[in-house]
Amino acid sequence: MSRIMNWIERDSARTDEILASRPTLWIIIRTLAGVLVSVKGVALTMHAAHAWHYALAPLLFVGGIMLAFESTKILLERVQTRTPSAIEHE
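Going by this note's numbering, the residue at position 8 of the sequence shown is 9; the numbering climbs one at a time, nothing skipped.
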């Protein structure tokens, strides 16, 4: 169990590093894409016509939440690290 948790922590840290290296606009677009995927999952659940729709909808919903959450976390870190003096010099 410990090896699995260590692997998850390393993978999460690596994902955060990759996202932190991306431009802010890219992260904002990724956040909005996550929200859209979540909404698509909810809409698919509401209007499901086949059994596979019921299987796909939760995956879309959770996947969208994960995309949006990871991107929002990076955006919040960027906002918190910016100081008023850094904004004035730009």
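Every residue gets a Cβ at the ideal spot worked out from N, C-alpha and C, and that includes glycine. A quick note: this is a predicted structure, and the numbers were derived from the prediction, not measured.
Around the CB of residue 50, fewer than 16 other CB atoms lie within 10 Å, so the residue is classed as exposed. In this structure residue 69 is buried. Its beta-carbon is surrounded by 16 or more other beta-carbon atoms within 10 angstroms. Contact annotation: residue 71 and residue 16 have beta-carbon atoms nearer than 9 Å. For residue 22, the secondary structure class from DSSP, reduced to helix, strand or coil, is coil. By the Cβ-count criterion, residue 82 is exposed, with fewer than 16 other Cβ atoms from all chains shown falling within 10 Å of its own Cβ.
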